[in-house]
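Residue numbers (my numbering), protein chains in the order written: chain A, 1 to 114; chain B, 1 to 115.
A virtual CB, placed ideally from N, CA and C, is assigned to each residue, including glycine.
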Amino acid sequence: ETGVTQTPRHLVMGMTNKKSLKCEQHLGHNAMYWYKQSAKKPLELMFVYNFKEQTENNSVPSRFSPECPNSSHLFLHLHTLQPEDSALYLCASSQDLGSSRGYTFGSGTRLTVV
Amino acid sequence: GDSVTQMEGPVTLSEEAFLTINCTYTATGYPSLFWYVQYPGEGLQLLLKATKADDKGSNKGFEATYRKETTSFHLEKGSVQVSDSAVYFCALTKNYGGSQGNLIFGKGTKLSVKP
Chain A
1 ETGVTQTPRH LVMGMTNKKS LKCEQHLGHN AMYWYKQSAK KPLELMFVYN
51 FKEQTENNSV PSRFSPECPN SSHLFLHLHT LQPEDSALYL CASSQDLGSS
101 RGYTFGSGTR LTVV
Chain B
1 GDSVTQMEGP VTLSEEAFLT INCTYTATGY PSLFWYVQYP GEGLQLLLKA
51 TKADDKGSNK GFEATYRKET TSFHLEKGSV QVSDSAVYFC ALTKNYGGSQ
101 GNLIFGKGTK LSVKP
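Below, the structure written as structure tokens:
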């Protein structure tokens with residue numbers, strides 16, 4: 001148990017589908033993040049939320065839409081994705097932005113777009 | 001901008017060998033430094049950290065010392081085990097002066113330990 005739970009663990013979707021990834025933490029953290037991990041590429045920060053407010057959108061295409069209804073939950077809504085969007089999507093949380101305590105990561109959702 | 005550079009992998013070692021994974025960083029000010037580990041099929045786990053110069057982080061036999069003079073945070077372990085096979089990420093963060101305080105990662109180094 002890492003403290004950050006992501007569902008589903010695996011997802012296969014067609015390019016015309018709409019799906020959502022869910023992330024949940026009960027660590028009392030105030031900041032939450034979405035990262036994308038592709039094969040042979042560095043970890044890419046996608047979105048940052050601090051106290052439910054989005055503080056950064058790292059030039060992510062609009063087919064990815066984040067939602068943070070409260071400090072414990074973070075969603076990533078997906079629609080009309082491309083095959084190159086297939087990757088491991090990691091959620092993380094931290095006490096505060098840039099906390100020196102580090103981030104806690106979930107196990108990720110392995111997304112395959114067909 | 002701020003960045004982290006790790007040695008290229010993969011690194012293949014025999015059990016009980018000595019491990020060093022090099023990491024250097026570029027950042028203004030005083031970042032906090034981290035090593036994360038990712039086991040196959042899993043997310044990232046914090047392995048160790050150091051928040052100021054000359055601090056040594058340690059966990060599970062792994063160590064790394066924050067060297068400001070060489071801007072380095074090399075990961076070491078005296079005797080690796082097969083169970084240490086994973087991908088290791090060096091990272092930095094800072095949160096001051098209006099910075100978003102994002103965690104900046106190196107590209108990762110894959111370690112394979114053979115029995």
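Query, Result
"Pull up the distance between the alpha-carbon of residue 28 of chain A and that of residue 92 of chain A, whole angstroms please.", "13 Å"
"Does residue 36 of chain B get closer than 9 Å to chain A when you measure Cβ to Cβ?", "yes"
"Helix, strand or coil for residue 60 of chain A, going by three-state DSSP, please let me know.", "coil"
"Going by DSSP in three states, residue 38 of chain A sits in which element: helix, strand or coil?", "coil"
"Start and end of the beta strand (DSSP E) containing residue 43 of chain B?", "Counting along the chain, residue 43 of chain B falls outside any beta strand (DSSP E), and DSSP gives it neither H nor E."
"Identify each residue in the region 42–76 of chain A for which the Cβ-Cβ distance to at least one residue of chain B is less than 8 Å, and report them in chain order.", "42, 43, 45, 48, 55, 56"
"Could you name the residues of the region 80–98 of chain A whose beta carbon sits closer than 9 Å to any beta carbon of chain B, in the order they occur along the chain?", "88, 90, 91, 92, 94, 96, 97, 98"
"Of all the residues that make up the region 46–72 of chain B, which are near chain A by a beta-carbon distance shorter than 7 Å?", "46, 49, 51"
"Inspect the CB distances between the region 95–114 of chain A and the region 11–18 of chain A and report whether three or more fall short of 8 Å.", "yes"
"Taking only the alpha-carbon atoms, compute the straight-line gap between residue 73 of chain B and residue 82 of chain B and give it to the nearest angstrom.", "23 Å"
"Could you name the residues of the same chain whose beta carbon sits closer than 7 Å to that of residue 50 of chain A, not counting the 5 residues immediately before and after it, in chain order?", "30, 31, 97"
"Just checking, does the region 72–92 of chain A make contact with the region 32–39 of chain A on the three C-beta pairs under 8 Å criterion?", "yes"
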